[in-house]
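Presented below is the structure to which this report refers.
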Amino acid sequence: TKLILLDSLLQESMGSLVPPPTSDHFTSELCLFLSALSTTRGTEFDSLASQLVGLREALLEEAARETDESENDTSEDDRETVEETLSDSSTERDTEEEKSDFLAEENTRPTNESGYTRPRPTNGSSYTVTTNGSFVSSNNHRVMLSLQRGARWELEKRLVTQAFSHFGKVVRARLYEKPVSGSWGFLEFRTTQSAAEALNQVVRAGNCWLHTTLPHSCLTQLPVPHQILLESRYLPQVWEKEIVLRSFFSKFGVVSGVTMLGFGQQRMQRFIISFKDSSVAQELIGTTVKILTCTVLVKEVSASTVGER
């Protein structure tokens with residue numbers, strides 16, 4: 032349907048620079064893009080950047096809307112839209128009692144249906160337990176940033192630092208011009224507690240939405256409880272691949288982040304999917320899922336599977 036619409040609108044836009052009136056956000060953005068494209072000469076496509084960003088945002092909203100309509104029998108949490116997910120940037124600090132209850136629960140946690148049992152720290156190292164149940168090394172002050180929405184040129188260090196300051200004092204911020212292992216930069220906090228609380232959060236900085244993860248150098252043999260790893264040569268390779276994966280996994284639970292690590296051995300695409308609820312990831316680990324025409328094994332995220340490759 033979208034291809035037919037694209038073809039008809041392309042023919043119409045060649046004769047007009049003004050998009051037809053419409054209440055459909057995606058159609059409106061598509062008309063604007065095609066109108067601009069029809070007046071672009073040769074390979075001078077730099078002027079289309081703003082239209083492409085607008086079209087991408089409209090498609091993201093469309094994917095979220097269609098997912099909500101197709102999941103009428105799911106729970107209210109599973110039907111949260113991408114906009115609601117991205118706007119949820121607040122967190123509550125664990126009390127000492129809650130941390131003790133969590134550790135006690137982990138000591139008696141049974142194996143799930145997929146045969147996966149979450150390991151616990153046993154080497155005597157010092158760990159901080161975050162609000163999402165992650166064990167984080169107590170000497171880590173850094174979180175990595177992945178861009179979930181918006182364009183890189185809209186990212187400003189000042190806005191990013193200001194947006195994350197409510198987690199604690201930010202002593203260093205760095206943004207990359209190109210993604211490095213899926214990250215567009217990092218933040219360093221004054222305290223490890225602030226870094227731990229800032230993990231697996233989605234925060235708005237200006238027109239951009241950023242998701243936070245652990246640095247790969249801080250990964251251990253303990254799986255990150257709220258994340259899963261996908262590796263396959265047959266995963267979607269279209270430009271909206273992150274939207275496809277977010278839409279697919281939203282039926283299992285609220286997706287907080289989708290990060291493309293790049294290509295591994297044998298040109299396999301590698302993605303990390305983060306969930307708001309760690310139990311969703313733990314139930315998926317060890318199972319196989321079919322995404323479009325690709326069947327892929329869901330793996331854990333740890334030093335063994337990701338590391339610093």
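For the sequence shown, position 193 (counting from the first letter as 1) is numbered 224 according to this note's numbering, and the numbering increases by one without interruption.
Backbone N, C-alpha and C define an ideal beta-carbon position, used for all residues, glycine too.
Predicted model only: the values in this text are computed from it and were never measured.
Check: Where DSSP assigns a beta bridge to LYS330, which residues make up the other side?
Finding: Position 299 of the sequence shown, counted from the start, is the residue given in the question as residue 330. DSSP links LYS330 through a beta bridge to LEU260.
Margin query: Within the continuous beta strand (DSSP E) that includes CYS249, where are the two ends?
Written below: By 1-based counting over the sequence shown, the position of residue 249 is 218. That residue, CYS249, is in no beta strand (DSSP E); it is neither H nor E in DSSP.
Item checked: C-alpha distance - PHE294 paired with LEU176, whole-angstrom precision -> Numbered from 1 along the sequence shown, position 263 holds the residue referred to as residue 294. Numbered from 1 along the sequence shown, position 145 holds the residue referred to as residue 176. CA-CA distance, PHE294 to LEU176, rounds to 19 Å.
Notebook entry, point to check: In terms of alpha-carbon separation, which member of GLU262, LEU61 and PHE283 lies closest to ARG298?
Noted result: The residue labelled residue 298 in the question sits at position 267 within the sequence shown. Among GLU262, LEU61 and PHE283, the Cα nearest to that of ARG298 is on GLU262.
Next item on the list: Would you grab the beta carbon distance between SER305 and HIS257 for me? Rounded to a whole angstrom, and I think it's under 8 Å.
Entry: Your numbering for residue 305 matches position 274 in the sequence shown. Your numbering for residue 257 matches position 226 in the sequence shown. The Cβ separation is near 6 Å, so the contact holds.
Check: Does the pairing of the region 177 to 184 with the region 248 to 256 give three or more beta-carbon distances under 8 Å?
Finding: no
Item checked: LEU83 versus LEU292 - alpha carbon distance -> Residue numbering aside, residue 83 sits at position 52 when the sequence shown is read from its first letter. Residue numbering aside, residue 292 sits at position 261 when the sequence shown is read from its first letter. So the alpha carbons of these two residues sit roughly 23 Å apart.
Check: What is the rounded straight-line gap between the Cα of GLU331 and the Cα of ARG189?
Finding: Translated into the one-based positions of the sequence shown, residue 331 becomes position 300. Translated into the one-based positions of the sequence shown, residue 189 becomes position 158. Cα to Cα, the separation comes out at about 34 Å.
Item checked: Cutoff 7 Å; reference CYS239; Cβ partners in own chain excluding five residues on either side -> Numbered from its first residue, the sequence shown carries residue 239 at position 208. Excluding residues within five positions, the ones whose Cβ falls inside 7 Å are LEU178, ARG180, GLY181, GLU185 and LEU186.
Next item on the list: Would you mind working out which of SER78, HIS56 and ARG72 sits nearest LEU86, comparing C-alpha positions?
Entry: Taking the first residue of the sequence shown as 1, we reach residue 86 at position 55. Residue HIS56 is the option with its Cα nearest to LEU86.
Checklist line | Spatially closest choice to THR58 from GLU92, ARG72 and VAL275, by CA coordinates | finding: Position 27 of the sequence shown, counting from 1, holds the residue named residue 58. The candidate whose alpha carbon is nearest that of THR58 is GLU92.
Checklist line | GLU283 to GLU271 span [Cα, whole Å] | finding: Walking along the sequence shown from the start, residue 283 turns up at place 252. Walking along the sequence shown from the start, residue 271 turns up at place 240. According to the sequence as given, residue 283 is Phe; it is not Glu. Whole-angstrom Cα-Cα distance: 20 Å.
Item checked: For ILE259, the nearest candidate out of ALA236, GLY237 and ASN231 (CA to CA) -> By one-based count along the sequence shown, residue 259 stands at place 228. ILE259 has its Cα closest to that of ASN231, out of ALA236, GLY237 and ASN231.
Checklist line | Counted within 10 angstroms of its Cβ, other Cβ atoms place PHE280 as buried (16 or more) or exposed | finding: Stepping through the sequence shown from its first residue, residue 280 is reached at position 249. PHE280 is buried by the Cβ-count criterion.
Checklist line | Spatial distance of SER248 from THR223 (CA atoms) | finding: Numbered from 1 along the sequence shown, position 217 holds the residue referred to as residue 248. Numbered from 1 along the sequence shown, position 192 holds the residue referred to as residue 223. For SER248 and THR223, the distance between alpha carbons rounds to 15 Å.
Notebook entry, point to check: Buried or exposed: ASN171, going by 16 or more other Cβ atoms within 10 Å of its Cβ?
Noted result: Taking the first residue of the sequence shown as 1, we reach residue 171 at position 140. ASN171 is buried by the Cβ-count criterion.
Notebook entry, point to check: With DSSP run on the structure shown, which of helix, strand or coil describes VAL311?
Noted result: Taking the first residue of the sequence shown as 1, we reach residue 311 at position 280. VAL311 falls in the helix class under three-state DSSP.
Notebook entry, point to check: Helix, strand or coil: how does DSSP classify ALA229 here?
Noted result: Numbered from 1 along the sequence shown, position 198 holds the residue referred to as residue 229. In the structure shown, ALA229 sits in coil (DSSP, three-state: anything other than H, G, I, E or B).
Checklist line | Residue interval of the beta strand (DSSP E) (run including PHE217) | finding: The residue you call residue 217 lines up with position 186 of the sequence shown. Looking at the DSSP string, the run of the beta strand (DSSP E) that includes PHE217 is 214 to 220.
Check: When you compare each of GLU314, ALA227 and PRO267 to GLN300 by their alpha carbons, which one comes out closest?
Finding: As a first step, residue 300 is located in the sequence shown; it is residue number 269 there, counting from the start. The shortest Cα separation from GLN300 among GLU314, ALA227 and PRO267 belongs to PRO267.
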